[in-house]
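K.L.:
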Amino acid sequence: MNTVRYIFFGLAFTIKRGKLILEPDFDDPKRSHIELLPDSRFIEHMHETYLRLGKEQFGDDPSFVEGTAGPNYHTGHVTNLEDGVRQLYTEGGPKNLALAREYYAYLRKYNPDKDTGEVQERYRQPLDAFVFSEFKGEFDSYKRANAIIGSWIHRSLKHLSLGEVDQSIAAMARARQGWTYYMQDKQIEPGQTARRHLAPLKNMRDNSIVQFLQKPDINIMHKARLWSRLDKPSRLATYDQLAPYFRQLCDSNEPPLDSEKAFSEPPGMEEHRKNNAVDDVPKTQIDYGERG
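Numbered as in our numbering, the sequence shown ends at 309 without a single skipped number.
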């Protein structure tokens, strides 16, 4: 059992930190960029491994239930699978969403209420409500809500910088959902202030863009890819603030890059400066440009 648990631990860690992003610098290896990101591809393998090894070790046990990982591995299996459902749903994409629904149905069937044998109450809600329910308790304060929504926005930008458009859209959708949930009962009454109000989601995203693009541990090519795929309103809102940094970043790169090409000024910038008006980010889907 201890040996098998090492396999489960390894798979769980791979799901959380298993995607390796490497930008090598062959002239100066110490300046190479390396990053570990979640890898949802291993969720399917984790689930199948629990079922296979659980049956191999405990298939003859009278308490073993066909289709499960057995009583000794049940808790770890369910916990990791619930995390996997949330990760698949958050990352989005047709395959991920199909797997999230499949595993949610599995949990409803094979992780019943211990007392009644019926479907657990938390599994009776729609999938999106189940995914979001994990975070509802964290939305009881402005500080925590702001941090969680900010982390989803950051995740959206990270995915976009890697060219993962569907995952980026899904993460931004979670940020919007969280923002709406927190603000739903924050109507300003006479005599009250908006101290507990979050900034408009558009403003939060623009601020995150500025912070993300100036992070020193993000590869310059990822920054350039992100900039080229951002929606026009966000580029208009952040360009003047970022332009000096873009020039410095490109000049210090080896070899130097043309900042006008890598981080081009968005069209309509002069008009934007005069009008100082920015449209809100569309609620349905941000225009990320071509997916290739």
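Ideal Cβ placement from N, Cα and C applies to all residues, glycine included.
Fair warning: this is a prediction, and the values are worked out from it, not measured in the lab.
Between the C-alpha atoms of His289 and Leu259, what's the straight-line distance to the nearest angstrom?
P.N.:
Cα-Cα distance, rounded: 15 Å.
K.L.:
Per the DSSP calculation, Glu52 is bridged to which residue(s)?
P.N.:
Bridge partners of Glu52: Ile38.
K.L.:
How about Gly87 and Gln74: do their beta carbons lie closer than 8 Å?
P.N.:
Yes.
K.L.:
Beta carbon of Phe152, beta carbon of Gly180: below 8 Å?
P.N.:
Cβ atoms of Phe152 and Gly180: not closer than 8 Å.
K.L.:
Using 8 Å as the threshold, is the C-beta distance between Tyr121 and Val95 below it?
P.N.:
Not closer than 8 Å, so no.
K.L.:
Would you list, in sequence order, the uninterrupted alpha helix (DSSP H) runs of no fewer than 4 residues that lie entirely inside the segment 93–117?
P.N.:
Within the segment 93–117, no complete alpha helix (DSSP H) run reaches 4 residues.
K.L.:
Would you mind stating whether Trp104 and Ser150 have Cβ atoms separated by less than 8 Å?
P.N.:
Trp is not the amino acid found at residue 104; the sequence shown has Gln there. In this structure, Ser150 does not lie closer than 8 Å to Gln104 by Cβ.
K.L.:
Nearest to Pro250 by alpha carbon, out of Tyr123, Pro233, Val136, Asn224?
P.N.:
Nearest C-alpha to Pro250: Asn224.
K.L.:
Quick check: what's the CA-CA separation for Asn292 versus Glu282?
P.N.:
Computed Cα separation, rounded: 17 Å.
K.L.:
Going by DSSP in three states, Ile170 sits in which element: helix, strand or coil?
P.N.:
Residue state, collapsed to three classes: helix.
K.L.:
Kindly provide the ranges of any alpha helix (DSSP H) runs that are 4 or more residues long and lie completely inside the segment 216–282, ordered along the chain.
P.N.:
You should have 218–230, 237–246, 249–269, 276–279.
K.L.:
Pull up the distance between the alpha-carbon of Tyr199 and that of Phe81, whole angstroms please.
P.N.:
Each residue's alpha carbon lies about 43 Å from the other.
K.L.:
Please report the distance separating the alpha-carbon of Tyr123 from that of Pro41.
P.N.:
Looking at the two C-alpha atoms, the distance is approximately 42 Å.
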